[in-house]
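Quick note, the sequences are listed as chains U and B, same order. Each residue of the first sequence is one higher than the one before, counting from 431 in our numbering. Each residue of the second sequence is one higher than the one before, counting from 431 in our numbering. Glycine included, C-beta positions come from ideal geometry on N, C-alpha and C.
There are 2 protein chains.
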Amino acid sequence: MGKKVSLKQIAEAAGVSSALVSMVLNGKAKQYGIGEEAAKKVMAIAEEMHYQPNLMARSLRSGHSHLIGLIVADIANPFFADLARVIEKTANERGYTVVYSSSDESAEQMERQMNSMYNQGIDGIIVVPCEYSADAIRDMAARNYPMVLLDRDLPGVDVPSFMIDNAAASSSMTRTLLEKGFRRISLISYDTAMNHAVERRRGYSQAMRDAGLLPDVHCLPYKDFSAEMRTIFTQLFIEQKRADALIFCTNALTREGLFILRELGLSIPNDTAVFGFDGGDVFDMYDPKISYLVQPIAEMGSMAANSLIDVIEGNATAKSVYMPSSLVLTPSVERNSK
Amino acid sequence: MGKKVSLKQIAEAAGVSSALVSMVLNGKAKQYGIGEEAAKKVMAIAEEMHYQPNLMARSLRSGHSHLIGLIVADIANPFFADLARVIEKTANERGYTVVYSSSDESAEQMERQMNSMYNQGIDGIIVVPCEYSADAIRDMAARNYPMVLLDRDLPGVDVPSFMIDNAAASSSMTRTLLEKGFRRISLISYDTAMNHAVERRRGYSQAMRDAGLLPDVHCLPYKDFSAEMRTIFTQLFIEQKRADALIFCTNALTREGLFILRELGLSIPNDTAVFGFDGGDVFDMYDPKISYLVQPIAEMGSMAANSLIDVIEGNATAKSVYMPSSLVLTPSVERNSK
DNA sequence: TTTTCTGTATGAATCGTTTAGAATTATGGG
DNA sequence: CCCATAATTCTAAACGATTCATACAGAAAA
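And the structure:
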């Protein structure tokens, strides 16, 4: 790779010191009282030689890189991809560049990635924490590394997070189904102790009990949950007619659920209503359109990015915020749509 | 942010020079003939002080960062998200970290991003070029910046690219439809001079002409093509019954097309067959499932990453490769599925 | 004793910037 | 003509890691 033009080369070409060149090119000519003439000359030569600063050297010296990191579970999940786009936009507006990475829900991988970002000189990170990652997060926080959490929180870990109130959200979804006349509502969740999942289960269970009904929660493994889901649906709808509505706790679960329901020849909403967390093309396109809870992706992303940058720049100390969520209702939760 | 532990601090703590510490921690103790005792002590202290190298300083000195950049059109598009995941995996296996960015199909933005990566000290980049970006790409290539193109190429620009043979692909899609008995096949494309789009149109037109039929190509704008597509479909299927099959040139077009066909009350494949470029959840979930052309994402991504890294490490000089594509056929292209 | 070698360890330069403080030059007043 | 003051510009020391050339023991050979 061809060598880049350095300050020193410009300095030589202009017959001045590299310090002066640095000052001029950083727009600090006034501040340092540099002569018009010299400044003009330096700028002309820099232009002509196509000078571009070496950001690594600059960061090394200045102590900040204007880079922020984003670690999500899976960048190929549309929910996170959309978040990433928003964060990138917000960060760019404030002069920062975003570097992202997918943790694949692995705490180990996440720890490596956080460390790598830290060592890379990235100014701070936005993290969607995964299971068992509390220790790693705490360690990073203990080093005073600027950090905010997104979409999920870690109870007992003192790092600000930006997310919806998951219990309230699932409770509201449940009540909506109840109001529409569904009584045998089952919740499909993951077998995880992550707080956002726990809260979603809790909100649902609470709402069911408040209505005098028994909660029915099913927890599936993270990977390869397809077979198990098929078994569950067979029980719920075919063998025992035990349910008339389903709430799915993530878009991946909803997606797989729809495939399996179709496979089993079950129709929505006649055999079962369907309500999911987070939207997606698939759900808008499905016939009938699927109802889902919408998280305020734009607000969550920009608030997380802005808060992180505020912390990095020492303007403020970030505080956790619960963002408002909303429901998109479709025929998939209408009782007598027949 | 708390200061990190530096080599010098370890050197002081161990009562040796920082040179020695560097050598030991890089596993070059043998090579430089360092005493067992000193090496042990340094390693112990480094461990104890939780030393982590400052990668920026290392890169500045060594001239390479072990970072590669990836610029795609839109990371929220599942096709690119999947590519990104594969590239990340391949790069990690070879000790590199990937930094990505979305160009939004804007040449200007892309140029800024390429420059930023170049200045960041990123060792090389994988780019999905967009319209009007040829000059910017040529400039970067002229600087000898390691670079490969992905998914699309730029005729007249001498940078290796990894992509399918788009003309052959669309020609094969067209022939498949012809064999199944469709005669009035229309192609829905973008209004762009990008080579991959041109090739897709060409392959289709060629196949039509070979069958003695007139090609019918419709080019839509990149953004907000919805209204125009509705108008076209109304003409094609309602006012004039002029078509019995559609080939969509990208997954975004297919997706929107499905929405509009449904809105217009047209059924697949009775009113029109549907064949798209690139898959997605939506298409597998649609009823009927939608046929599409599959690009070898895993091979394309890993080959691009590996080639780029080979160039960076001076092992080889990359050469363009046409990857094989395949078709997923479903009832959406079956004539008498009624 | 002097010379040569071996095994270890170090100093100093380097990558490209930034910036505090010193140095130079110019200006003008006395 | 000297000196204070201001107006410019420069020197040099960082930032943290790498690596070549060199230093300095002490042991072995002469």
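Where does residue i sit, in a helix, a strand or coil, going by DSSP?
i: residue 419/B; result: Coverage of chain B is limited to positions 431 through 768, which leaves residue 419/B absent and any answer about it impossible.
i: residue 754/U; result: coil
i: residue 673/B; result: coil
i: residue 703/B; result: strand
i: residue 767/B; result: Any reading at residue 767/B needs caution, since the residue's pLDDT is 46, under 50, leaving its predicted position unreliable; the model's value is listed next. Reduced to three states, the DSSP call for residue 767/B is coil.
i: residue 587/U; result: coil
i: residue 594/U; result: strand
i: residue 485/B; result: helix
i: residue 527/B; result: strand
i: residue 578/U; result: strand
i: residue 490/U; result: helix
i: residue 533/U; result: coil
i: residue 416/B; result: Residue 416/B is absent from the model: chain B starts at 431 and stops at 768.
i: residue 443/B; result: helix
i: residue 650/B; result: strand
i: residue 561/B; result: coil
i: residue 696/U; result: coil
i: residue 748/B; result: coil
i: residue 461/B; result: coil
i: residue 505/U; result: coil
i: residue 551/B; result: coil
i: residue 718/B; result: coil
i: residue 661/B; result: helix
In the DSSP assignment, find the unbroken alpha helix (DSSP H) run with residue i in it and report its ends.
i: residue 516/B; result: 508 to 523
i: residue 687/U; result: 681 to 693
i: residue 475/B; result: 466 to 478
i: residue 666/B; result: Residue 666/B -> no alpha helix (DSSP H), and no H or E assigned at all.
i: residue 435/U; result: No alpha helix (DSSP H) contains residue 435/U, which DSSP labels as neither H nor E.
i: residue 568/U; result: 564 to 572
i: residue 714/U; result: 711 to 715
i: residue 450/U; result: 448 to 455
I'd like the span of the beta strand (DSSP E) that includes residue i, first residue to last.
i: residue 431/U; result: Run containing residue 431/U: none; DSSP gives neither H nor E here.
i: residue 555/U; result: 554 to 557
i: residue 497/B; result: 497 to 502
i: residue 721/U; result: 721 to 724
Residue i versus chain B: which residues are under 7 Å apart at the beta carbon?
i: residue 432/U; result: 573 and 574
i: residue 527/U; result: 546
Give the residues of chain U in contact with residue i, contact being defined as C-beta atoms less than 9 Å apart.
i: residue 518/B; result: 505, 531 and 532
i: residue 685/B; result: 711 and 715
i: residue 688/B; result: 715
Chain B partners of residue i, CB-CB under 9 Å?
i: residue 704/U; result: Ordered by position in chain B, no residue passes the 9 Å Cβ test against residue 704/U, which lies about 13 Å from the chain.
i: residue 694/U; result: Correct list: empty, because the minimum Cβ distance to chain B is about 15 Å.
I want to verify the contact list: residues of chain U whose CB lies under 8 Å from the CB of residue i, in sequence order.
i: residue 712/B; result: 711, 712 and 715
i: residue 514/B; result: 505 and 506
Within the present structure, is the beta-carbon of residue i separated from the nearest heavy atom of the ligand NAP by less than 7 Å?
i: residue 529/B; result: Among the components of this structure there are no ligands whatsoever, and the ligand NAP is therefore not found.
Taking C-beta pairs closer than 7 Å, name the residues in chain U that residue i reaches, listed in chain order.
i: residue 508/B; result: 506
i: residue 511/B; result: 505, 506 and 511
For the segment 602 to 646 of chain B, list the alpha helix (DSSP H) runs that are entirely contained and at least 4 residues long, ordered along the chain. 625 to 640
**Asked** What residues in the segment 456 to 489 of chain B have a beta carbon less than 7 Å from any beta carbon of chain U?
**Response** 482, 483, 484, 485, 486, 487 and 489
Exercise. Scan the segment 647 to 670 of chain U for residues whose Cβ lies nearer than 7 Å to a Cβ of chain B and list them as they occur along the chain.
Key: none
Query raised in the report: What residues in the segment 550 to 561 of chain B have a beta carbon less than 9 Å from any beta carbon of chain U?
Result: 550, 551, 553 and 554
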